[in-house]
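**Q** In my numbering, the protein residues as written are 4 to 460. Backbone N, C-alpha and C define an ideal beta-carbon position, used for all residues, glycine too. Since the structure is predicted, the reported quantities are computational estimates derived from the model, not experimental observations. Here it is, the structure in full.
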């Protein structure tokens, strides 16, 4: 069975630095070019491009195999892709100049490469060398700190505003930083694939230009700067593990705009992408008129629900420092008549009554178990008969080790909150039942978070 006329497997397996590999030879550029070209020529129904592990020809990469024929290509570049698509996928003739023709030599080279790789792994293991995966995990903070420092300095925006590539001295002058240190930072960003360097001058690469430049179409720079705050709180992890709680930080409404603005921007970026999916999964019952978005932040979810359901009125309930941000987003969406803001503290205040739907998105993880029990009882009181509560959050396995992202996020709550964490389906089910909710169900969303839904009986 061949679901596609052609199935292309491109190696993208990374190797320890210094060893030949397809990514080191530019396989990602080939993968991107293949997908663009296939889509542009409307061949997506007949050509599937898939990444794979090592094909055993690491010194000659990028390497790919085209099935069903089993045609092997080596040394392909992004510039070769249009010709490959024309010849092989449209005309049905392999691109002869890049095809590995000698099957015996091909098999021998693959076998020898694998033997050398296995021997090297055995030698490293016998010597007690730290596995590369473990080493990368331990030093992962290095790449993170490089990018965060560049964001903190607005380096990517400075390069974009220059209009043409800049040398390190010019970048240092624009940022008021040390020239030698700036050059080291720029070179590291090139190594990370965020900048490009040509003839000693630096410019933003595609990812940086799209996501890290202030004012870009998909600008995420403000939200990503929230990680600068997280960097500080995560530095207290050892203390938090010893003592069971982080050092005092003050309540969220006392942290100032330098914390609130990046935090809400980060939440808005995530919510704006996620909200339409949640709206579709949740739906709105016939006759439903009122939604309360508790801890609604930027209002992204209320905006999405209101846009999808013209008869729905939404209240974004949040702190006094947050609701002005939500009001701005609501105004930009042209929904001020149906989406309103309400100032309050979700930890203690009543939410009113008569709501048909209550949304708790990324809220429960900030609170301890007893706080969540109390919160859900107040949510129950705010709903009318048949009203539903929708919790969006990490929903963990019973032993709380999966999903991986949720287990790691529990540490984020350990260092950032007094009692927060990542909770299991069993815990949410129990809390909802205690509050009086029935018809409790878990809705899998395929990551990064799931839904727990309960109905007021």
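#1: For residue 213, which residues in the same chain have their Cβ closer than 8 Å to its Cβ, ignoring the five residues on either side in sequence?
#2: Considering only residues of the same chain and omitting the five flanking positions on each side of residue 248, which have a CB-CB separation below 7 Å?
#3: Please state whether the Cβ-Cβ distance between residue 21 and residue 64 is less than 9 Å.
#4: Taking 9 Å as the threshold (C-beta atoms), are residue 358 and residue 294 in contact?
#5: If I'm right that residue 296 touches residue 318 with Cβ under 8 Å, what's the distance once you round it to whole angstroms?
#6: For residue 180, collect the residues of the same chain with a Cβ closer than 6 Å to its Cβ; drop the 5 residues on either side in sequence, then sort them by chain order.
#7: On the DSSP letters alone, give me the boundaries of the beta strand (DSSP E) that residue 395 sits inside.
#8: If we ignore side chains and look at the alpha-carbon of each, how far apart do residue 278 and residue 301 end up?
#9: If we call anything under 9 Å between Cβ atoms a contact, is residue 341 one with residue 315?
#10: Using 10 angstroms around the beta-carbon of residue 418, count the other beta-carbons present and answer buried if the total reaches 16, otherwise exposed.
#11: Taking the beta carbon of residue 210 as the centre, do at least 16 other beta carbons fall within 10 Å, making it buried, or is it exposed?
#12: Quick one: what's got a C-beta closer than 6 Å to residue 265's C-beta in the same chain, skipping five residues either side?
#13: Would you list the one or two residues that DSSP bridges to residue 74?
#14: By the three-class DSSP mapping on this structure, what secondary structure does residue 51 have?
#15: Assuming contact is defined by CB atoms lying nearer than 9 Å, are residue 25 and residue 35 in contact in what I supplied?
#16: Between the stretch 131-150 and the stretch 99-108, do three or more beta carbon pairs fall short of 8 Å?
#17: With burial defined as no fewer than 16 other Cβ atoms inside 10 Å of the residue's Cβ, what is the status of residue 235: buried or exposed?
#18: Examine the ligand FMN and report whether any of its heavy atoms sits within less than 8 Å of the Cβ of residue 234.
#19: Any idea which residues DSSP pairs residue 239 with across the strands?
#20: Mapping the DSSP letters down to three states, classify residue 5 as helix, strand or coil.
#21: Alpha carbon to alpha carbon, how far is residue 201 from residue 56?
#22: Roughly how many angstroms lie between the CA atoms of residue 87 and residue 98, to the nearest whole one?
#23: How many angstroms separate the CA atom of residue 271 from the CA atom of residue 449?
#24: So if DSSP puts residue 458 in a beta bridge, which residue, or which two residues, is it bridged to?
#25: Taking 7 Å as the limit between beta carbons, can you name the residues of its chain near residue 250, skipping five residues before and five after?
#26: Using a 10 Å radius around the Cβ and a threshold of 16 neighbouring Cβ atoms, would you call residue 397 buried or exposed?
#27: Given a cut-off of 9 Å, decide if residue 44 and residue 92 are closer than it, judged by their beta-carbon atoms.
#28: When the Cα atoms are used, what is the spatial distance from residue 476 to residue 413?
#29: The alpha helix (DSSP H) with residue 320 in it runs from where to where?
#30: For a test of the three-state rule: what should DSSP assign to residue 312, helix, strand or coil?
#31: Please state whether DSSP places residue 98 in a helix, a strand or coil.
#32: Which of helix, strand or coil does DSSP assign to residue 84?
#33: In angstroms, rounded to a whole number, what distance separates the CA positions of residue 404 and residue 148?
**A** Inspection of the coordinates gives the following:
#1: Indexing the chain shown from 1 puts residue 213 at position 210. Sequence-distant Cβ neighbours of residue 213 in its own chain, meaning closer than 8 Å and more than five residues away, are 219, 220 and 221.
#2: Along the chain shown, read from residue 1 onward, the residue named residue 248 stands at position 245. So the qualifying residues of the chain are 421.
#3: Looking up residue 21 in the chain shown gives position 18. Looking up residue 64 in the chain shown gives position 61. No, the Cβ-Cβ distance between residue 21 and residue 64 is not below 9 Å.
#4: Reading the chain shown from its first residue, position 291 is the one you call residue 294. Reading the chain shown from its first residue, position 355 is the one you call residue 358. Contact flag set, yes.
#5: Here residue 296 is taken as the residue at index 293 of the chain shown, counted from 1. Here residue 318 is taken as the residue at index 315 of the chain shown, counted from 1. With 8 Å as the limit, residue 296 and residue 318 qualify as a contact, their Cβ atoms being about 7 Å apart.
#6: On the chain shown, residue 180 is found 177 positions in, with the first residue counted as 1. None.
#7: Position 392 of the chain shown, counted from the start, is the residue given in the question as residue 395. Counting along the chain, the beta strand (DSSP E) containing residue 395 begins and ends at 386-396.
#8: Indexing the chain shown from 1 puts residue 278 at position 275. Indexing the chain shown from 1 puts residue 301 at position 298. Whole-angstrom Cα-Cα distance: 12 Å.
#9: Position 338 of the chain shown, counted from the first residue, corresponds to residue 341. Position 312 of the chain shown, counted from the first residue, corresponds to residue 315. Contact: yes.
#10: Translated into positions along the chain shown, residue 418 becomes position 415. Buried, by the Cβ-count rule.
#11: The count along the chain shown starts at 1 and reaches residue 210 at position 207. By the 10 Å Cβ count, residue 210 comes out exposed.
#12: Taking the chain shown and counting its residues from 1, the one referred to as residue 265 is at position 262. So the list reads 225, 228 and 229, once near-sequence residues are dropped.
#13: As a first step, residue 74 is located in the chain shown; it is residue number 71 there, counting from the start. According to DSSP, residue pairing for residue 74 in a beta bridge involves 69.
#14: Counting from 1 along the chain shown, the entry for residue 51 is found at position 48. Strand.
#15: Your numbering for residue 25 matches position 22 in the chain shown. Your numbering for residue 35 matches position 32 in the chain shown. No, they are not a contact pair.
#16: No, the stretch 131-150 does not touch the stretch 99-108.
#17: Looking up residue 235 in the chain shown gives position 232. Classification for residue 235: exposed.
#18: The ligand FMN is absent from the structure shown, which contains no ligand whatsoever.
#19: Numbered from its first residue, the chain shown carries residue 239 at position 236. Residue 239 pairs with nothing; no bridge assigned.
#20: As a first step, residue 5 must be located in the chain shown, where it is residue number 2. The DSSP-derived three-state label of residue 5 is coil.
#21: For this step, residue 201 is matched to residue 198 along the chain shown. For this step, residue 56 is matched to residue 53 along the chain shown. Distance between the alpha carbons of residue 201 and residue 56: 31 Å.
#22: Your numbering for residue 87 matches position 84 in the chain shown. Your numbering for residue 98 matches position 95 in the chain shown. Roughly 6 Å separates the two Cα atoms.
#23: Walking along the chain shown from the start, residue 271 turns up at place 268. Walking along the chain shown from the start, residue 449 turns up at place 446. Computed Cα separation, rounded: 20 Å.
#24: Here residue 458 refers to the residue found at position 455 of the chain shown. Bridge partners of residue 458: 391 and 441.
#25: Within the chain shown, the letter at position 247 stands for residue 250. 239 and 242, listed in sequence order.
#26: Along the chain shown, one-based indexing puts residue 397 at 394. If you draw a 10 Å sphere on the C-beta of residue 397, you find 16 or more other C-beta atoms in it, and that means buried.
#27: Working through the chain shown from its first residue, we reach residue 92 at position 89. Working through the chain shown from its first residue, we reach residue 44 at position 41. Yes, the pair counts as a contact, with Cβ atoms nearer than the cut-off.
#28: Since the first and last residues shown for the chain are 4 and 460, residue 476 lies out of range.
#29: For this step, residue 320 is matched to residue 317 along the chain shown. Per DSSP, residue 320 belongs to no alpha helix (DSSP H); it is in the beta strand (DSSP E), 316-321.
#30: Locating residue 312 in the chain shown gives position 309, where the first residue counts as 1. In the structure shown, residue 312 sits in coil (DSSP, three-state: anything other than H, G, I, E or B).
#31: As a working mapping, residue 98 is identified with position 95 in the chain shown. Residue 98 falls in the coil class under three-state DSSP.
#32: Within the chain shown, residue 84 is the residue found at index 81, counting from 1. In the structure shown, residue 84 sits in a helix (DSSP, three-state: H, G or I).
#33: Position 401 of the chain shown, counting from 1, holds the residue named residue 404. Position 145 of the chain shown, counting from 1, holds the residue named residue 148. Residue 404 and residue 148 have their alpha carbons spaced roughly 27 Å apart.
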